[in-house]
Amino acid sequence: MTDPVALLSEYVRIDTSNPPGDCRRAAELLCGALRESGLSPVTFGARPEKPNVLCHAGGTEEPGLVLIHHMDVVPARAEEWSVPPFSAEVRDGFLYGRGTLDTKGLGVAHWCAALRAAKAGILRRKLFLVANADEEVGGVEGAEYFVRNLPFPIGAAYGMNEGGVGVTDIFGGGGKFFLLNMWEKGPVWMRLSASGRAGHGSRPSARDAPARLIRALTRVAELREPARLTEPVREMLRVLRAKGYVDLDVDALQRGAGEAEALEALVAKFPEIDPLVRNTYAVTTLAAGFKPNVIP
């Protein structure tokens with residue numbers, strides 16, 4: 005199956021929500037498409053329900069190229085969707101469903117392009133296709149297991165994964181932008197907890213565990229580091245200025261307070277740049293209490 009719409013539709017209809025992240029049917033679908041084209045994929049994983057797929061699509065020279073995506077998806081709340089999230093409904097030229105962007109659509113693009121290139125006999129360098137499980141919960145049984153347990157060597161190779169996207173009009177003035185992910189931030193996950201004496205909801209105090217925790221979380225949410233430039237972002241802004249999308253001349257900036265002030269002005273105009281010029285802090289999952297009239 006090398007028709008991208010048909011393959012993606014079937015792929016999206018397979019619920020690989022993580023947790024629990026069962027990717028067996030997804031791996032079977034992808035491997036079936038490869039075998040139909042005469043290729044020999046390999047699956048391996050820490051557990052049967054967390055398979056990883058590896059396939060050499062062709063080519064012999066190095067360095068090769070590894071095309072990577074993940075099969076698992078974030079759970080979806082059906083009531084928040086305009087269509088059933090695993091229906092793969094096609095409407096007005098768009099295919100809707102959980103995973104179309106993150107990253108089943110990317111995987112299908114990789115698969116179909118590689119299969120066509122292999123069929124045409126144009127592959128000179130080694131080309132590998134990879135589909136990982138477990139990405140949405142940290143990748144221990146996905147990418148980490150994959151690199152530690154490769155069933156055969158792939159040699160020297162470049163890798164292409166999710167991250168870069170194609171977008172329109174993000175800097176005003178029209179135009180299409182294809183953003184390449186050159187570097188990636190590393191996450192640090194922390195858990196804050198507070199404990200205290202439980203009490204009735206009618207008798208709160210500033211010393212209660214929820215009150216203290218809220219004050220701490222507020223400090224985290226309000227953290228904002230000074231803006232600064234890394235080299236990939238500096239180069240991106242050079243290109244955008246050359247194309248007439250931004251006015252800021254990054255090569256004229258003096259490092260320090262002047263640079264931060266100029267970048268803050270740019271961020272005020274283009275908020276999407278904000279996480280590119282600083283480390284960010286976010287409060288995500290909250291849990292507390294068991295009864296509405298009890299202070300935990």
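Residues 5 to 300 (this note's numbering) are what the sequence shown spells out, left to right.
Every residue, glycine too, gets a C-beta built ideally from N, C-alpha and C.
Fair warning: this is a prediction, and the values are worked out from it, not measured in the lab.
Pull the bridge partners of residue i from the DSSP assignment, please.
| i | result |
| --- | --- |
| Met164 | Leu71 |
| Arg21 | At residue 21 the sequence reads Ser, which differs from the Arg that was named. Answer is Val77, bridged to Ser21. |
| Cys116 | According to DSSP, Cys116 bridges with nothing at all. |
| Thr47 | Val57 |
| Leu133 | Cys59, Leu71 |
| Glu65 | Arg129 |
| Gly36 | The partner list for Gly36 (beta bridge, DSSP) is empty, contrary to what the question assumes. |
| Gly203 | Ile299 |
Which residue from the options puts its Cα closest to that of residue i?
| i | options | result |
| --- | --- | --- |
| Asp7 | Arg29, Thr107, Cys116 | Cys116 |
| Leu290 | Arg282, Ala220, Val243 | Ala220 |
| Pro55 | Ser44, Ala137, Glu239 | Ala137 |
| Glu32 | Pro24, Arg95, Leu110, Val57 | Val57 |
| His204 | Pro236, Arg259, Val298, Ala269 | Val298 |
| Met194 | Pro79, Pro89, Gly42, Ala286 | Ala286 |
| Met75 | Asn22, Leu280, Glu40, Leu119 | Asn22 |
| Leu196 | Ala37, Pro275, Ala124, Ala213 | Ala213 |
| Asn185 | Gly168, Val192, Asp173 | Gly168 |
| Glu139 | Glu93, Ile72, Val112, Ala118 | Ile72 |
| Asp19 | Asp96, Arg95, Lys108, Ala10 | Lys108 |
| Ala292 | Glu40, Leu280, Ala198 | Ala198 |
| Lys189 | Val237, Gly178, Val112 | Val237 |
| Val281 | Gly97, Lys273, Glu268 | Glu268 |
| Pro24 | Lys273, Ala80, Ser41 | Ala80 |
| Pro279 | Leu34, Phe294, Pro191 | Pro191 |
| Glu40 | Ala61, Glu53, Phe48 | Ala61 |
Output the distance between the C-alpha atoms of residue i and residue j, rounded to the nearest integer angstrom.
| i | j | result |
| --- | --- | --- |
| Gly248 | Ile218 | 44 Å |
| Leu99 | Val16 | 10 Å |
| Val134 | Ala261 | 44 Å |
| Glu148 | Arg51 | 13 Å |
| Gly159 | Glu66 | 7 Å |
| Glu263 | Asn283 | 16 Å |
| Gly142 | Ser13 | 26 Å |
| Ser209 | Thr104 | 48 Å |
| Ala121 | Ala231 | 43 Å |
| Gly146 | Met240 | 31 Å |
| Val144 | Arg228 | 30 Å |
| Leu252 | Ala266 | 8 Å |
| Ala246 | Arg29 | 47 Å |
| Arg95 | Pro296 | 43 Å |
| Arg242 | Asn165 | 25 Å |
| Cys27 | Pro89 | 17 Å |
| Val78 | Ile277 | 25 Å |
| Leu11 | Cys35 | 12 Å |
| Leu38 | Gly163 | 20 Å |
| Thr288 | Ala118 | 38 Å |
| Phe274 | Val250 | 9 Å |
| Gly125 | Asp106 | 30 Å |
| Ser91 | Arg102 | 9 Å |
| Leu257 | Val271 | 15 Å |
| Glu83 | Gly177 | 36 Å |
| Gly97 | Ala215 | 49 Å |
Our contact map puts residue i next to residue j with C-beta atoms below 8 Å; I'd like the distance itself, whole angstroms only.
| i | j | result |
| --- | --- | --- |
| Gly68 | Phe156 | Going by Cβ atoms, the distance from Gly68 to Phe156 rounds to 13 Å, so no, they are not a contact pair. |
| Lys180 | Ala161 | About 29 Å separates the two Cβ atoms, so there is no contact after all. |
| Trp187 | Thr234 | 7 Å |
| Leu127 | Gly63 | 4 Å |
| Val171 | Leu183 | 7 Å |
| Val46 | Cys59 | 7 Å |
| Gly200 | Arg211 | 7 Å |
| Glu175 | Leu244 | Correcting the residue identity first, residue 175 is Phe in this sequence and not Glu. At roughly 6 Å, the Cβ-Cβ gap stays under 8 Å, so Phe175 and Leu244 are in contact. |
| Pro300 | Ala225 | No, Pro300 and Ala225 are not in contact; Cβ-Cβ is about 21 Å, not under 8 Å. |
Query raised in the report: Can you list the beta strand (DSSP E) stretches of 3 or more residues lying completely in the segment 136-194, in chain order?
Result: 161-164, 169-172, 180-183
Query raised in the report: Which full runs of the beta strand (DSSP E) of 3+ residues lie inside the segment 81-130, going along the chain?
Result: 93-95, 98-100
Query raised in the report: Hey, which unbroken runs of the alpha helix (DSSP H) at 4 residues or more fall wholly within the segment 241-280?
Result: 261-273
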